[in-house]
Every structure is written in structure tokens, then in C-alpha cells.
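Chemist:
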Amino acid sequence: MDHSIVLILSLTYLASLFAIAWYGDRTADSAGGGSNPWLYSLSLGVYCTSWTFYGAIGRAATDGFDFLPIYVGPILLIGLGWPLLARIVRIAKAENVVSISDFLAARYGKSQGLAALVTVTAVIGLLPYIALQLKAITISFDVLAGKALGVELRALPGGTTLLVALLMAAFAVLFGVRSIHANEHHRGLMMAIATESVVKLATAMAVGLGVTLAVFGDLAGLLEAADSPVAGQLLSLEPFAEADWWVACALSGLAILCLPRQFHVAVVENTHPGDVRRAARLLPLYLVAINLFVVPVALAGVTLFPAGGVNADSLLVSVPLHEGWPALALAAFIGGLSAATSMILVEMVALSTMICNDVVLPLLMSLRVGQKRWRADPVPVLLAVRRAAVIAILVLAYGVYRLIGSAFPLSAIGMLSFTAVAQFGPALLGGLLWTRANRTGAVAGICVGFLGWAYTMLLPSFAAAGWIAPEALRAVPFGLEVLSPAALTALDGLAPLSHAALWSLGPNIVLFVVLSLLTHQSALEARQAARFVSLQRAPEEEAPVPKRATLADLHDLAVRYVGAPKADAAFHALLATRHQDSTALLSRSDGEAIQMTERLLAGAIGSASARVVVAGLLSDRRLSRTDARSIIDEASRAILKQHELLRTTVENVGQGICAFDGEFRVTLWNRRFLELLDLPEGSVQVGTGLKEIVAYIAQRGEYGRNGEIETLLARRSDPRRHGKPDVYTRERPDGTVLEIATNPMPDGGFVAVYTDVTERHRAAAALKEANESLERRIAERTAALSDAKAEAERANRSKTRFLAAASHDLLQPLHAARLFLSALGERSADPAVAQVDASLRSVEHILGDLLDVSKLDSGVVTPNPVALRIDELLKPLGEEFAVMARQHGLTFRAVAGGAVVRSDPTLLRRILLNFLSNAVRYTARGKVLLGCRRRGDMLSIEVWDTGPGIPEDKLEEIFVEFRQIDHGTDDRGRGLGLGLAIVERLSAILGHRVTVRSVVGKGSVFAVQVPLSAEPAVVRTLAPRPRGRDMQGALVLCLENEPAIAQATEHLLSGWSCRVVTGATAEQARAALDGRVPDLILSDYHLGRGITGLESLEALRADLGVPVPAALVTADRSPAVRAAAEAAGCPVLYKPVRPGALRALVGQLLAQGRRNAG
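First residue of the sequence shown? That's 3 in the working numbering, and the numbers climb one at a time after it.
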């Protein structure tokens, strides 16, 4: 077959894998991180490499059933021991493990040295295995292209193998080494691996079935061939009786756990531990299915090529070609290519992670040069390291392939690597099952196991390949035959595999167990052992943390290695569990935060390196070995001099010190002790009793009578005080005050410390006197403040009374003017009337704002919240301001909705009136919108305008009294700047939040947040609008003590066809009525001489004997007046009254009176 076709098809297949991986990465976010047991189980098929695809048939053709152990071991371990794998997965997820070296390092105290040892061992042991894959591809390509059949193939630059190696490197870099967070799931790569597992199985089944049919015809032909002498050796059961067969089973079982690629796929890429159980059923079935036709194809090979004319490892391709089935041979080649590439890709991802995290990163951290540069942004450096590691491993594997040539069959190379990685087995399984297992045993076991493997298996392989001369191999050390690599200790009866396994795994296990028993675990190892063996998290040791290390420091460290999104999510979750906000990042870090950061970094750089990186942050400085030795020497010298130091210290302290043993005899004292007690030199010696010292002092009369001395000694020997600290003071005759503190010692004695506290006592006395003086001053100041507060309260009450009186006196003439002007406006169309009316409205507005601010500040306004439909409030406002907006040339729109809110309708309406008035006033052109939006359990009532907008730095200023923003335009009757100040106070009273957003030149949005109500809205009935004829001839009594207001009211009502009589008192009203019964009474509240309108109204109703409808028209806006009016059944209008409102109320009350009379 033309090699160009094979090459193009191979490249097309590899390109399709690129496409599948790309698609998998694109759909990873939408697919989520959920369980996918089929994808997981198929990805475990990466175990089946070209050794399985080609080498199993080659092994079967030469050694019969000797090919089975590499499948029996994994089937038994996964099929029966899947709980162990599930346990490894759970532990790995809890520890954020990224590789098998990381797993072992985490188990044994997060040992960086152990992680590096495992990494180096794995790389050396697996280079032949990777070279095996390159060799398999080359063999199959050469056979398919015709080279093995004697047809010369034009040499490709670098050979087919180099091209494949470069393509594998590109694939691994693109889809396996995209980030340093090695424990993230490579969904695209796993989809490609699962696809290759399907391709391997499909091609193996198809080619096997095709070869069987082509060579043997049917099952009968196959059975007939099996009875032939040629098949006798192939189908022999002798391999089952050989030790190598069972040793190979054990090594294969360990390999499926210890191979870095298998650990990566089975553990790191696992998304749910429950997937392991499904894989325990699917993977054994897969391994059985892919080997169904191994024996038939091998039988066909030995039948067609009895003289061994072809390489046994190429039979799956050679047999179809011999039978004239090139398409089937091409399918076999693609299956083998798939088997080899999947192994190479995943192995590259796993090994590059291990090399970066466990070898290169520790070296970088140990270098003093360039630390700040790469640590500030380590991600590019670490990514470059991993990508370089991928390329370097493949280049080395290519070199090993070139050296191996045709010296070994595929199966022999595979078992060489299996035995190497099996050295991790004792440490892995022992660490999961035995709490006493420690780092010393694990390191020693792996080291001796690796050396045993290299000496008994790798060295003979070098000799067989011709790398070293056989004579050199026979020149055993010291000339001792017992040290021969092929027959160590003269055990020459063992097969090579069993011999190598015995002298590598045997010493490994022995040293692991013995040293674990003889040496102790560190505290960290013990905690990790508890986590791994019992799956329980042991209590964390709270290590001291330097004061400069904060949560923010840990967060910044995590950002550098795993990126801001992952770091932010982890620390936000930590703060959420503590019910803290982001300000807590400034607090000191603690053990929980440190360990969380360590686990987070472990997902990127491994647990061992993560521990070193975090420790580097927390340490004030890193000690070198020289520094450590220096510190130890200094500590030793300090210990040797401690007695001299203690003596010097005792003699130079300012306190007197005396130590007594359990018999109250002196063991140590200093000169200051003698000075304070005025004891002569030589009076105190070692062994002097306490009673003797006290008796000497008592002779000077310091302790009074002898009875007091006995009491003092009893105080010290009292069993209730024995072993407890005691502190008391004693004043000496010369005025010196001594504080005596006694502290117990382990031997039953005590140490007495005498301190001269004379100055302290004097200072305390002075302080006491100062405190008493201060308390007196505080009491005086408190009384003064109370008087000032009472005076302020009186002033506030006086201000309130003044405002009430002032509002009454100011609003009275305005009310009269308003009524006169309204009457005049109905009779005259003079433009001057309209101008005066506008000016009067402006004065009313300003005065009303002033009074409102005063009332709100005085606290006399109390809200009356009810449930109301928002459209009942907004619809009238919309109608009112639609007219006003049209007058100003603006477009106005109101959208109310039917939401029910809880608020005071009057106060809420006042807020919205201010919003709308400002919007219409300051919008020169465009539109104004009134609308609502639901925001959770709140309703946001918003007013939008297209006005000039408000600068951002002025948004707070507009709510301050008497502050207005100058827009440089005519603001259509600017007020005093109190509107939004009133809004702020009203919103505070209601508990509603007011917000504002504005863009200069585009407009503003003012909004008030009102709570939604679950109660039904209060039904508000609207009285019918009065008609003109309803007032025709109606008799209206006006009780008003201000003649001007009475005259204005009469003038206005007469214009509405009413008959009006007036009176300043009830007596004048009776006289004016002259026996007539009025249809309506309008009364002021304050009628002079202490008489109120409500009292006069009650008297008139009693005289008339009829409940005449009445209304109160007053300038007194106090809550007391409103409450009294409501109790009397009188509606209230506040002066100055708008004529429209007065006319509506008069018409309503007249209609009501007629209904009651009818």
C-alpha cells in the first residue's frame, strides 16, 4: 500500500482527534461537571496501549497464554477491589491531589522529597514504555507501507516515529497543558481518549473477525486449526504453572493503580466517586472484548508464517495484507495508532505535571536569583515548564526508541516499565491501610526497590540491547557470583521477571515496614495518616502565624497560582461560612484559611510544593542549614550558661526575690530582698527557715504580737492556699509599702517576690482624689447638660407654638387674597389677574415648604400607613401633570399597574408631587415618565425626565435645604430649594428609600422604594363631582372672625349662586340666620377670645336641632385640630384654600345634606 495514503489517513485521524478534543472543551461549560460514567469508563481504556493491540498477539504467537496476566491483574483489582479505587478518589478530591506523586507526598506529611523521588522514578521507568508506543506505530506503518515485505520505502525526514512524536507533543500541549491548575477536568482530552477506546475496540473486533473468516473460513475451520501441531504450543496451559505468569498478574494489578496516566484518568479526571462502581463492571468487559480475537489472530499468524517470516508484533497488520485485505490492515493500523497516541497523550499530561510541580518548582523556589520576578506571576513560567517537559520527554523517548531498535518485543518493554512503577505499590497501599506507615519507610522502600529494579532488570536489558558488553555484565562486583544481576544471591532458578520482582519489591516492602515501625511520624504525618486510613479529618494543629500574614496575603498568593476567579470563589465561600464580608480579608489568617489556601494551590502545583509556597509566605525568613546549625549552637551555649544568667538576672531585678522549698527553707534570694526587708548581710543563708526570718523582723515590732506571727505562718501553710498564687500588701513602720506575691513551685515550695509599691500607693491615693473630683465635675456637667436639654426642649416647644401661630397669621391674609382673586378671575379675563394668581401660588408654595420643613423637624408629623392600590394614587397625579406637561410642551406618560403597597397615601403623594413638579419645571423639552417596577418585595415608583441632568458630585447636595443646582436656564419659577429636603424627611418618616440617578445632558430618574403589601387595599370611595346646579340657591353660613376673609368667602360663594350669611361668633350667626336653617356651615377654628369653631358649630347645631353639614377651614395644621375635626365629623381644608378644592367640598357637602334630608 502506498505509504502516502497511510500517512494522509493517519494525519486525518489525528486531526479528527483534535476536532473532538476541541469540541469537548467548547461544550465543557454547558455540560457542567456532572457524572458521566460511560465517558469515565471508556477513558480508563487508555490502559490498552499498542502493547495490548499488537504486543498481546505477538506474545500469544510465541508464548501462548502468557499474554493474559496484563489483563487478569487489572480485571481482578478493578472488578473486586473497586472500593479501594473509590476510596483513593474520595481522598484525592479532599486533598486536591493532581498526580500519584502528589498523592503519596500528601499521605506522608506532604513530603517534597518523596514527590520528587516518585517523579524521577516514574520518568525513568516509563521512558521505555513511551518508546514502545513509538516503536509499535513505526512497525505497523512499515508493514502496511510494504517495507517488511521487501519493498523499499522512501525515507521520510526524521522517520515516521519523529513525526508521530511531534504530533503527540502538539496535541498534549494544546489540550492537556492549557493551565497550571492540574486538577481541573480536561473534558476535551478525555472525550478524545474515550473516542480512541471505542476505535481500539471496534478495529480489534473487526480485524479479528475478518482475519478469522479470511484464514479459517468459519468456526469449524478455526477448531480444526486449533488441533494442528502448529497450535499445540500456542494453546498450551503450561504458562499457568509458571511463577512469572502470576508475578505478571500482580505487577499488572499494581500498574493500573500506579501508572501516572491511569492515576490521572481514574482519579484526577474523575468527576464523581460513584462512577468507579460503574467502571468496575464496564472496564473488565472492555478488556475481555478487546482480547476475544487475540488467540485466533495469533493462530492465523503462526499458520501463515510458520517460519517466522514477519515480526510477531505486526501480525494484526501482516495477516490481512497477506490475505489481500488492505482495508482491514489499514483499520488495524488505525487501531494501533489510536492505542499508542492515547497512552502518549495522557502520560505526557501526567508526567509534565509531576516534573513541574515536584522537581522544577522546588528548584525554582530554592534559587535566590529572580525570585520576585517569577513569583509575582508564576503562571507563564510554570506553563512553559510543563510544555517543555512534554517536548523533552517525547524527545528522550524517541532517543530510547532509536537505541532499542528491534532488540525487544513490545511485551518485554511493557513489563520493564510495569515493574518500575510497581515500586510505588507498597507505599500506596500501605499508606491507605496502615496508620503506622511513615515517610522514612516509604522513601527507603522506593529507593531500594528502584535500585533493585535497575540492577536486576534494567541492567540486563541494556546488555541484551547491546548498550553494554555482555562481558561487563558478567564482571560482577568484587568477583562475587552472588551479586550477579541475573542471579542475585545465586537464585538462578527464577525466571527473569520473577527474579527482578523479588529483588525490587521484596526489599521495598521489608524496608517500608521495618523503618515505619522503627521510626516516628511527624505530627503532620500522623494527621494525614488519619485522613487517609480512617477517612476522618484529624484535628488541625493551629500553628502560630506571623502578624503580617493576613487573609488578603493568602488571597493574593492564590490569585498568582490559580487565577482570580478560582481564588475569589474559594475565599468568598470561606467568608460566607463565617458570616463575614470582604473587609475580613484584612484580618489575620488562621489555620483554617491557611489549609484552605494550601489545598487550593495543591490543585495547581501539588500538595508538597503548595505547602512550601504557603510556608514561605508565613515565614518571616527562610533558614538555611547553616543558619539552623548556628541557632542550635547558640541555644546550646545558652543552656550551658543558664545558671549564671539566672543568678545575674535575679541580682539585677528591681524586686526582692526569695525562694523556699517544701519545708519553708530558703533556697535562693537576692540582695534586693535583704534591702527591702532591712535584713543584715549573713542573716539569710541556704536552709534558713521562713519562721526565723519572720521572727527576726518581728523583733523590730513590725508584726505586732506573737499571735500575729503565728497567724502569718499559718496563712502560708494553710492547705486551702497550698499550691495557689497569693498576693497581699504590707506597710512597714517607715511608711514603705511592699507588695508580696507568692507563686507555688512543683516541689511544694514557693517563690516570694517583694515589690516596693510605695509610689504606686501614693499615685493611687492621688488618683482616687482626682477621680472623686472628676466625678463631682461630671455630676455638675451632667446637671448643666440636663438644664441645657430642658431649655432646648422648651425652645423647641416655643418654636412649635410660634410656627403654629405664625402659620395662622401668615396664611390668613393669603387665604383672603386667594378667595378675592378667584372671585375676580371668574368675572374678568384680565391677564393681570392670572399673573397675580401665579405670584400668589408661588408665595403659598414657598410658605408651605417652610412650614412643612419646620413641622417635619419638630417631629409632629406621624405617618398613617395603609394598604392602597398604587393606581389610585398615580392615576390622579398622571391626569393632573399631563395637563401641566402639555402646557410646557412636554410629553407625559404614566404607567401605574395594580400593585398594592403599604404607605401613608398623603405623605407618599407629597413625595411624588415633588418629583413630578421638579421634572416638569426643569425639563425644557422631551418627555416625563411616571411608572413602577417590582424589585423583590418592594415597588420602585420612578419619575424619569429628559432634563439637563445633575452632576454626580451634586447628587447629595440637592437634598440639602436651600440648595439649588444652577442649570444656566430659566427654571420657571424657582422656589427656595426645599422640595427635595422635604422629600428626604418624608421618606425617613415613612421608612422608604429614595434614590436618584442622573446623566448630565440626558436626564434624571428619581425613585422611592415602597414595600408591597400582602393585605387587600383599603376601598376608597370617591364622592360624585358637584354640578353647578347643586349649589343653586344654597344657604351657606360662614363663621369667620377675620372680616376680610369673611367678605372674600361671601364674594366667592355668591359667584357660585349661593346665598351667604356671615358671623364672627355663634350669636352673630344666629342673628344673621334669622331663624333660617343653613344648608352648609363653613367655620374657621380660631374665632378669637379662646372660642373654637368646633364649639360654635356644636352650639349652632344644638340650637337649630338639625345636623347641618359643616367643614372646618383653618390655617392651623396641627394634628390635634385635625383629630378634633374628624371626631366632630367635619372635613378640613387648610388655608390658603384653593377655590377648586373649596367648590368641590361645598358641592359634596350640599349633596350629602340633601341625601340625608331625603
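By construction, the Cβ of each residue, glycine as well, lies at the ideal position given by its N, Cα and C atoms. Just so you know, these numbers come straight off a predicted model, no measurement behind them.
What do you get for Gln687, buried or exposed, if any count of 16 or more other CB atoms within 10 angstroms of its CB means buried?
Modeler: Your numbering for residue 687 matches position 685 in the sequence shown. So Gln687 counts as exposed.
Chemist: Under the three-state reduction of DSSP, which class applies to Trp53: helix, strand or coil?
Modeler: By 1-based counting over the sequence shown, the position of residue 53 is 51. Trp53 falls in the helix class under three-state DSSP.
Chemist: Should Arg987 go down as buried or exposed, given a rule of 16 or more other Cβ atoms within 10 Å for buried?
Modeler: Within the sequence shown, residue 987 is the residue found at index 985, counting from 1. It is buried - the Cβ of Arg987 has at least 16 other Cβ atoms within 10 Å.
Chemist: Relative to the C-alpha of Pro746, which residue among Ala334, Glu959, Val729 is closest?
Modeler: To locate residue 746, count along the sequence shown from 1; it is residue 744. Answer by Cα proximity: Val729.
Chemist: Please report the residue range of the alpha helix (DSSP H) in which Cys449 lies.
Modeler: Locating residue 449 in the sequence shown gives position 447, counting from the first residue. Note, Cys449: alpha helix (DSSP H), 441–455.
Chemist: Quick check: what's the CA-CA separation for Val122 versus Ser52?
Modeler: What you label residue 122 is simply residue 120 of the sequence shown in a count that begins at 1. What you label residue 52 is simply residue 50 of the sequence shown in a count that begins at 1. Taking the straight line from one Cα to the other gives about 24 Å.
Chemist: Can you tell me where the alpha helix (DSSP H) with Met345 in it begins and where it stops?
Modeler: On the sequence shown, residue 345 is found 343 positions in, with the first residue counted as 1. 328–357 is the span of the alpha helix (DSSP H), which, as asked, contains Met345.
Chemist: Work out the CA separation of Ala194 and His274 for me, nearest whole Å.
Modeler: The residue given as residue 274 occupies position 272 in the sequence shown. The residue given as residue 194 occupies position 192 in the sequence shown. So the alpha carbons of these two residues sit roughly 20 Å apart.
Chemist: Please state the DSSP three-state secondary structure of Gly1005.
Modeler: Reading the sequence shown from its first residue, position 1003 is the one you call residue 1005. Correct three-state label for Gly1005: strand.
Chemist: Determine the DSSP secondary structure at His763, reduced to helix, strand or coil.
Modeler: Taking the sequence shown and counting its residues from 1, one reaches residue 763 at position 761. Reduced to three states, the DSSP call for His763 is helix.
Chemist: With Cys934 as the anchor, note down where its alpha helix (DSSP H) starts and where it stops.
Modeler: Taking the first residue of the sequence shown as position 1, residue 934 is located at position 932. Counting along the chain, Cys934 falls outside any alpha helix (DSSP H), though it belongs to the beta strand (DSSP E) covering 929–937.
Chemist: Just tell me which of Tyr42, Pro262, Leu301 has its CA closest to the CA of Asn272.
Modeler: Counting from one through the sequence shown, the residue named residue 272 turns up at place 270. Measuring from the Cα of Asn272, the nearest candidate turns out to be Tyr42.
Chemist: Just to confirm before moving on: does the CB-CB distance between Glu1052 and Asp1086 stay below 8 Å?
Modeler: As a working note, residue 1052 is residue 1050 in the sequence shown. As a working note, residue 1086 is residue 1084 in the sequence shown. For Glu1052 and Asp1086, no; Cβs fall outside 8 Å.
Chemist: Name the DSSP beta bridge partners of Asp728, please?
Modeler: The residue you call residue 728 lines up with position 726 of the sequence shown. Looking at the DSSP assignment, Asp728 forms a beta bridge with Thr744.
Chemist: Which residues in the same chain have their Cβ closer than 7 Å to the Cβ of Ala1193, if we skip the five residues on either side of it in sequence?
Modeler: It is not possible to answer for residue 1193, since the shown part of the chain is limited to 3 through 1160.
Chemist: From Phe55 to Asp27, what distance separates their C-alpha atoms?
Modeler: Within the sequence shown, numbered from 1, the residue matching residue 55 stands at position 53. Within the sequence shown, numbered from 1, the residue matching residue 27 stands at position 25. Those two C-alpha atoms are separated by around 28 Å.
Chemist: With a Cβ-Cβ cutoff of 8 Å, do Leu301 and Ala227 count as a contact?
Modeler: In the sequence shown, counting from the first residue as 1, residue 301 sits at position 299. In the sequence shown, counting from the first residue as 1, residue 227 sits at position 225. Yes, the pair counts as a contact, with Cβ atoms nearer than the cut-off.
Chemist: Where DSSP assigns a beta bridge to Val1063, which residues make up the other side?
Modeler: Translated into positions along the sequence shown, residue 1063 becomes position 1061. Its beta-bridge partners are Leu1039.
Chemist: Just tell me which of Arg533, Leu294, Tyr131, Glu198 has its CA closest to the CA of Leu353.
Modeler: Position 351 of the sequence shown, counted from the first residue, corresponds to residue 353. Considering only alpha carbons, the answer is Tyr131.
Chemist: Using CA atoms only, rank isn't needed, just tell me which of Gln425, Gly1092, Ala1125 is closest to Asn866.
Modeler: One-based indexing of the sequence shown puts residue 866 at position 864. Closest by alpha carbon: Ala1125.
Chemist: With 16 other CB atoms within 10 Å as the buried threshold, where does Val897 fall?
Modeler: Residue mapping note: residue 897 aligns to position 895 of the sequence shown, counting from 1. Per the 10 Å Cβ criterion, exposed.
Chemist: Less than 8 Å between the CB atoms is what I'm expecting for Leu1037 and Arg1078, so what's the real figure, rounded?
Modeler: One-based indexing of the sequence shown puts residue 1037 at position 1035. One-based indexing of the sequence shown puts residue 1078 at position 1076. The pair is a contact, with the Cβ atoms about 6 Å apart (cut-off 8 Å).
Chemist: Within the continuous alpha helix (DSSP H) that includes Trp505, where are the two ends?
Modeler: Here the question's residue 505 lines up with position 503 in the sequence shown. Note, Trp505: alpha helix (DSSP H), 498–520.
Chemist: From which residue to which residue does the alpha helix (DSSP H) around Val297 run?
Modeler: If you number the sequence shown from 1, residue 297 lands on position 295. 296–306 is the extent of the alpha helix (DSSP H) around Val297.
Chemist: Contact defined as beta carbons within less than 8 Å: I believe Leu1203 pairs with Leu1082. What is the distance between those atoms, to the nearest angstrom?
Modeler: Outside the modelled stretch of the chain, which goes from 3 to 1160, sits residue 1203, for which no answer is possible.
Chemist: Since Ser1056 sits in a beta bridge, which residues does DSSP pair it with?
Modeler: Taking the first residue of the sequence shown as position 1, residue 1056 is located at position 1054. Looking at the DSSP assignment, Ser1056 forms no beta bridge with any residue, so it has no partner.
Chemist: With a cut-off of 8 Å, do at least 3 Cβ pairs link the stretch 736–746 to the stretch 756–766?
Modeler: Cβ pair count under 8 Å is three or more, so yes.
Chemist: Give me whichever residues DSSP pairs with Glu733 in a beta bridge.
Modeler: Residue mapping note: residue 733 aligns to position 731 of the sequence shown, counting from 1. Bridge partners of Glu733: Val739.
Chemist: Tell me the DSSP bridge mates of Arg904?
Modeler: Locating residue 904 in the sequence shown gives position 902, where the first residue counts as 1. Per DSSP, Ala869.
Chemist: My output table needs one value for Leu1082: the three-state DSSP class, helix, strand or coil.
Modeler: Taking the sequence shown and counting its residues from 1, the one referred to as residue 1082 is at position 1080. Strand, per DSSP.
Chemist: Going by Cα to Cα distance, which pick from Thr948, Gly401, Leu86 is closest to Tyr924?
Modeler: The residue given as residue 924 occupies position 922 in the sequence shown. Tyr924 has its Cα closest to that of Thr948, out of Thr948, Gly401, Leu86.
Chemist: Are three or more beta carbon pairs between the stretch 60–70 and the stretch 307–325 nearer than 8 Å?
Modeler: These segments touch.
Chemist: Could you spell out the range, first to last residue, of the alpha helix (DSSP H) harbouring Leu430?
Modeler: In the sequence shown, the residue the question calls residue 430 occupies position 428. Looking at the DSSP string, the run of the alpha helix (DSSP H) that includes Leu430 is 427–435.
Chemist: Classify Phe105 as buried or exposed, calling it buried when 16 or more other Cβ atoms lie within 10 Å of its own Cβ.
Modeler: Sequence index remark: in the sequence shown, residue 105 carries index 103 (1-based). Buried, because 16 or more other Cβ atoms sit within 10 Å of the Cβ of Phe105.
Chemist: Is it buried or exposed, Asn773, if we count other Cβ atoms within 10 angstroms and call 16 or more buried?
Modeler: Against the sequence shown, residue 773 aligns to sequence position 771. Classification of Asn773: exposed, given that the 10 Å Cβ count is below 16.
Chemist: How about Ala414 and Met459: do their beta carbons lie closer than 8 Å?
Modeler: Position 412 of the sequence shown holds residue 414. Position 457 of the sequence shown holds residue 459. Cβ distance not < 8 Å, so Ala414 and Met459 don't count as in contact.
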